[in-house]
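A.B. asks: Using the numbering used here, the first residue of the sequence shown is number 5, and each one after it goes up by one.
For each residue, glycine too, the CB sits at the ideal point set by N, CA and C.
So that we are looking at the same thing, I have put the structure below in structure tokens.
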Amino acid sequence: MAKLHLHNTLTRKKEPFEPIDAKNIRMYVCGPTVYDFAHIGNARPVIVFDVLFRLLRHLYGADHVTYARNITDVDDKINKRAFERWDHKSSLTKAIRDLTDGTLEQFHKDVDALGCLRPTHEPRATDFVSNGEQPLDMVRVIEKLIANGNAYAAEGHVLFNVPSMEGYGALARRPKDDMIAGARVEVAPYKRDPMDFVLWKPSDPATEPGWDSPWGYGRPGWHIECSAMSGALLGEVFDIHAGGLDLIFPHHENEIAQSCCAFGKPGQPNPLMARYWLHNGFLQVEGQKMSKSLGNFRTIREVLNDGWSGEVVRLTMLKTHYRQPIDWTLKSLEESQNVLDNWATILRNFAEPEVAGEKAPAEFIDALADDLNISSALAVMHGFARGARGGDRADAAKLFDCLSLLGIDISTHQAKADALDFQEAIDPAFEQYITAAIEARLAARAAKNWAESDRIRDELASKGIQLKDGKDANGNAITTWEVKR
Ligand SMILES: [Zn+2]
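Spelled out as structure tokens, the structure:
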């Protein structure tokens with residue numbers, strides 16, 4: 005079995021993956037804030053860590069991987085919008101639920117279309133604020149932090165006291181001044197240290213949703229939700245924590261501070277929250293930062309509505325290594341479309357193996373196991389495609405298996421290019437092969453070897469090439485070909 009290696013942001017190194025419990029690999033990915041339609045930048049971690057989820061299931065068994073991705077449904081922008089739409093008949097907390105139900109449903113439609121498996125758990129923050137039915141909730145984590153001397157209540161707020169944790173900043177590795185600037189910390193009279201961050205804040209019952217707590221009616225800060233939900237669903241220390249590069253600081257640094265200090269003993273915090281920290285790179289659009297003001301903001305929905313299939317969007321996202329910045333361009337989408345059109349055309353002549361994905365070829369798994377080395381994996385797939393185009397059934401089966409493991413459903417892929425375009429774009433080696441086969445067939449026909457002539461015609465037909473026999477201007481037999489539709 006290929007040994008999995010992952011680049012760990014904690015150590016800035018690629019390391020062999022050693023699971024805490026090989027019977028239950030646990031992974032947490034920071035999920036979307038369900039305020040608005042998800043944009044293609046949000047789609048990147050969802051897609052790349054879906055491939056990691058699939059790879060882990062392949063390596064350790066589908067029943068031995070637990071994947072949690074949270075839904076942030078309490079957030080000041082959501083609160084404001086919910087207040088604007090509030091009918092005053094039910095609570096504001098119910099109003100944010102109603103608002104985010106719709107956005108969440110849309111998010112699911114979008115990521116399903118991109119071929120992503122649903123995580124094992126998709127906890128919603130509002131279900132884990134103060135909820136005795138959960139194994140752990142945010143209020144209980146905050147209470148532990150206060151008891152351990154890492155947090156304090158002041159004026160309806162509860163703050164994490166950063167100097168109380170030795171080793172704060174180990175993930176971000178930034179100088180303190182930089183961290184203060186990066187966290188855009190508010191100056192507030194109740195803060196003991198400028199770096200201290202909010203775990204709990206008071207809500208105005210007239211305009212803001214909230215929950216009752218030992219510190220009054222209020223709502224949680226953002227960072228605490230991931231510590232509570234990962235602790236509840238995956239345990240105090242788990243294997244992999246992932247998310248976008250922009251989350252390293254302050255979000256992930258603060259998650260580590262909360263989880264290590266809450267779950268460790270007083271004065272003796274746990275050394276780790278998760279053993280491997282993975283971060284995907286930034287996304288740009290046509291070489292520019294994506295922003296509403298630049299007019300290049302793209303939601304997943306818009307890209308799909310433009311006629312790009314989920315498979316094309318998925319391949320476009322995957323073909324850049326997850327840690328590299330990605331430039332989202334029309335050209336890149338078109339290239340992915342061409343690759344999938346070609347593969348679909350080749351594979352149309354072979355029945356899909358029933359167990360696709362379960363026995364993915366070793367050289368493909370070896371490539372992915374090397375910190376999801378997608379360019380090596382795609383090179384292996386192009387090799388299988390060449391073999392399949394030459395009629396190799398085993399290579400066709402392997403290509404099916406690779407696509408299946410990447411979550412790309414080729415069987416439903418609709419070729420966009422019409423036959424003519426495809427004929428123009430056809431691979432020169434394949435064209436040479438067709439020409440040679442036609443010459444051999446003409447020779448067989450001249451020798452009245454009809455069986456051989458038919459065999460060659462059928463062989464070409466099995467590869468999607470249709471022959472037409474005719475005569476040229478001088479009355480000589482000629483054969484032309486076209487791609488079968
Ligand atoms: Zn998080």
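Would a C-beta distance cut-off of 8 Å place V162 and A155 closer than the cut-off?
C.D. replies: At a Cβ-Cβ threshold of 8 Å, V162 and A155 count as neighbours.
A.B. asks: Are there three or more Cβ pairs, one per stretch, closer than 8 Å when the region 243-257 is compared with the region 140-147?
C.D. replies: no
A.B. asks: Quick check: does the Cβ of H283 come within less than 7 Å of any heavy atom belonging to ligand 1?
C.D. replies: no
A.B. asks: To the nearest angstrom, report how far apart E170 and A261 are at their CA atoms.
C.D. replies: Answer to the nearest angstrom: the Cα atoms are 9 Å apart.
A.B. asks: Give a single yes or no on whether C264 has its beta carbon closer than 7 Å to a heavy atom of ligand 1.
C.D. replies: no
A.B. asks: With which residues is H92 paired in a DSSP beta bridge?
C.D. replies: Paired residue(s): none; H92 is not in a bridge.
A.B. asks: So what does DSSP say about Y437, is it helix, strand or coil?
C.D. replies: helix
A.B. asks: Just mark G268 as buried or exposed, buried being the case when its beta carbon has 16 or more other beta carbons within 10 Å.
C.D. replies: buried
A.B. asks: Report buried or exposed for A392, applying the criterion of at least 16 other Cβ atoms within 10 angstroms of its Cβ.
C.D. replies: buried
A.B. asks: If you measure between the beta carbons of G1 and R352, is that distance less than 8 Å?
C.D. replies: Residue 1 falls outside the range modelled here, since the chain spans only 5 to 489, and no answer is possible.
A.B. asks: Applying the 10 Å Cβ sphere with the 16-neighbour rule, what's the burial state of P139?
C.D. replies: exposed
A.B. asks: Cβ of H255 within 7 Å of any heavy atom in ligand 1?
C.D. replies: yes
A.B. asks: For E88, count neighbouring Cβ atoms within 10 angstroms of its own Cβ and tell me buried if that reaches 16, exposed if not.
C.D. replies: exposed
A.B. asks: One question on the structure: do G285 and Q328 come within less than 8 Å of each other, judged by their Cβ atoms?
C.D. replies: yes
A.B. asks: For T303, write down the residues that DSSP places opposite it in a beta bridge.
C.D. replies: Paired residue(s): H43.
A.B. asks: Can you give me the start and stop residues for the beta strand (DSSP E) that F164 sits inside?
C.D. replies: Boundaries of the beta strand (DSSP E) harbouring F164: H161 to F164, taken from the DSSP string.
A.B. asks: Which first and last residues belong to the beta strand (DSSP E) in which A155 is found?
C.D. replies: A155 to A158
A.B. asks: With a CB to CB cut of under 6 Å and the five nearest residues on each side skipped, what residues in its chain are close to A266?
C.D. replies: V145, K148 and L149
A.B. asks: Return the first residue and the last residue of the beta strand (DSSP E) that R318 is part of.
C.D. replies: Segment G314 to L322 is the alpha helix (DSSP H) holding R318; no beta strand (DSSP E) there.
A.B. asks: Less than 8 Å between the C-beta atoms of Q288 and W332, yes or no?
C.D. replies: yes
A.B. asks: On the premise that L118 lies in contact with I304, defined as a C-beta separation below 8 Å, what is that separation, rounded to the nearest angstrom?
C.D. replies: 7 Å
A.B. asks: Does DSSP classify G391 as helix, strand or coil?
C.D. replies: DSSP places G391 in helix when its eight states are reduced to three.
A.B. asks: Please list, in chain order, all residues of the same chain as P209 whose beta carbon is under 7 Å from its beta carbon, the five residues on each side excluded.
C.D. replies: Y221
A.B. asks: Distance, Cα to Cα, F301 vs L308?
C.D. replies: 14 Å
A.B. asks: What do you get for E435, buried or exposed, if any count of 16 or more other CB atoms within 10 angstroms of its CB means buried?
C.D. replies: exposed
A.B. asks: Given a threshold of 16 other Cβ atoms within 10 Å of its Cβ, counted over all protein chains shown, does E229 qualify as buried or as exposed?
C.D. replies: buried
A.B. asks: Would you call the CB atoms of L372 and K323 closer than 8 Å?
C.D. replies: no
A.B. asks: Ligand 1 and G247: does any heavy atom of the ligand fall closer than 7 Å to the residue's C-beta?
C.D. replies: yes
A.B. asks: Taking DSSP as the reference, what is the three-state secondary structure of G235?
C.D. replies: helix
A.B. asks: Output yes or no for whether 8 Å exceeds the beta carbon distance between I412 and E315.
C.D. replies: Taking 8 Å as the cut-off, the Cβ atoms of I412 and E315 count as close.
A.B. asks: From the DSSP output, in three-state form, read off G474 for me.
C.D. replies: strand
A.B. asks: Mind listing which residues have their beta carbon within less than 5 Å of any non-hydrogen atom of ligand 1? Chain order is fine.
C.D. replies: C34 and C230
A.B. asks: Keeping to the same chain, check which residues put their C-beta closer than 8 Å to that of W485; ignore five residues upstream and five downstream.
C.D. replies: I438, I442, L464, I469, Q470, L471 and K472
A.B. asks: For the beta strand (DSSP E) that contains E486, what are its first and last residues?
C.D. replies: A481 to V487
A.B. asks: Would you mind sorting V191 into buried or exposed? The rule is 16 or more other CB atoms within 10 Å of its CB.
C.D. replies: exposed
A.B. asks: Go ahead and pull the three-state DSSP assignment for I31.
C.D. replies: In the sequence as presented, Ile is not what sits at residue 31; that position holds Met. Here M31 sits in strand by DSSP.
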